[in-house]
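Below is one structure, written out as C-alpha cells; the observations come after it.
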Amino acid sequence: MKEAWKSVGISLLITIGAWILIYGAFALYITPKRLYEEQEKIADTVPQLEAEIEYRKNNLDVEGPAFGNVMDTINVFRSYRAAIGPGAECEIRITSPDISNISRQIQSIANVGSNCRAFGPVDTSGDPEWKKATFEGMVSGKIKLNAAKEAPGAEQLFLNLRNYVPVEREFKTFPGRPAYVIWLQFGPGVKWNTELTK
Numbered sequence: 012m013k014e015a016w017k018s019v020g021i022s023l024l025i026t027i028g029a030w031i032l033i034y035g036a037f038a039l040y041i042t043p044k045r046l047y048e049e050q051e052k053i054a055d056t057v058p059q060l061e062a063e064i065e066y067r068k069n070n071l072d073v074e075g076p077a078f079g080n081v082m083d084t085i086n087v088f089r090s091y092r093a094a095i096g097p098g099a100e101c102e103i104r105i106t107s108p109d110i111s112n113i114s115r116q117i118q119s120i121a122n123v124g125s126n127c128r129a130f131g132p133v134d135t136s137g138d139p140e141w142k143k144a145t146f147e148g149m150v151s152g153k154i155k156l157n158a159a160k161e162a163p164g165a166e167q168l169f170l171n172l173r174n175y176v177p178v179e180r181e182f183k184t185f186p187g188r189p190a191y192v193i194w195l196q197f198g199p200g201v202k203w204n205t206e207l208t209k
C-alpha cells in the first residue's frame with residue numbers, strides 16, 4: 012500500500028513537472044512573440060500619428076468641436092454687431108489672470124465677428140488698474156460679461172455667448188472707459204462648454 016502511494020506521489024510530481032515545463036516553454040515562446048507583434052503594431056502606428064499631428068498643426072478639422080466653437084462664437088459677435096448697429100462705436104476689453112489660450116482665441120473672435128476694437132488680455136504686472144480689473148471679482152472657470160445695464164446688445168451677447176462658454180452677467184463697467192464697453196473678465200480655468208460636457 013505504501014508503495015502504491017509512493018508511486019501515485021511520483022506520478023503526480025512528474026505530471027505537475029511536465030505541465031510546468033510545457034507551460035514555461037509555451038510562455039517563453041508566446042511572450043516574446045506577442046511583445047514583438049505589439050511593437051510592430053506600434054511602429055506601424057507612429058508614422059500615421061505623426062502625419063495626423065502635422066495635418067492638425069496646419070489645418071482645422073471642420074468636423075471637430077474646435078471649428079464649431081470658433082464659427083459659432085464668430086456668429087455670436089456678428090449678432091452683437093447687428094444689435095448695436097453697423098456704425099456704432101464699440102470696444103471689447105478682455106482680462107485674464109493667466110493670458111490663457113481661450114482668452115486669446117475669444118479676443119480674436121470678438122474682433123473679427125463684431126468689428127469692434129478688442130483689447131487684452133495683457134500682462135498686468137506694470138499696470139495696477141488692469142491688475143485690479145483682472146483679479147477683483149473674477150470667478151474660477153467662468154467669464155464675467157461686465158457691461159452697463161443699458162449697454163446696447165450686451166444682454167443679447169450674454170445670452171448667446173453662454174451657449175459656448177460659461178458666462179455670468181454683471182452690471183459694471185471697465186474702470187475709466189465709456190458705458191458702451193463690453194468687458195469680458197476671465198477667471199482661471201475657463202473652458203469651452205464642449206470640453207465640460209465630455
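Per the working numbering, the very first residue in the sequence shown carries number 12; after that it's consecutive. Glycine included, every Cβ here is placed at the ideal spot set by N, Cα and C. Because the structure is a prediction, the values reported are computed rather than measured.
Three or more beta-carbon pairs under 8 Å between the stretch 139-157 and the stretch 176-189, yes or no? yes
What three-state label does DSSP hand ARG92 in the structure shown? helix
In angstroms with no decimal places, state the Cα-to-Cα distance between PRO139 and PRO76. 37 Å
Quick one: give me the first and last residue of the alpha helix (DSSP H) that GLU181 is part of. No alpha helix (DSSP H) contains GLU181, which is instead part of the beta strand (DSSP E) from 178-181.
Could you say if the stretch 120-132 and the stretch 84-93 meet the contact criterion of at least three C-beta pairs nearer than 8 Å? yes
Would you mind listing the alpha helix (DSSP H) stretches within the stretch 110-195 that are 4+ residues and don't spill past its ends, in chain order? 112-125, 139-146 and 165-172
Looking only at C-alpha atoms, which of GLU65, TRP203, ALA190 and LEU170 sits nearest to GLU161? ALA190
Flag this pair as yes or no: are the beta carbons of ALA93 and PRO163 separated by less than 8 Å? no
Throw me the rounded Cβ distance for the PRO199 and PRO108 pair, which I believe falls under 8 Å. 5 Å
Beta strand (DSSP E) segment containing THR106, residue limits: 102-106
Among GLN50, PRO186 and ILE120, which residue has its Cα nearest to the Cα of TYR175? ILE120
For PHE78, count neighbouring Cβ atoms within 10 angstroms of its own Cβ and tell me buried if that reaches 16, exposed if not. exposed
CB contact flag (ILE113, LEU195, <8 Å): no
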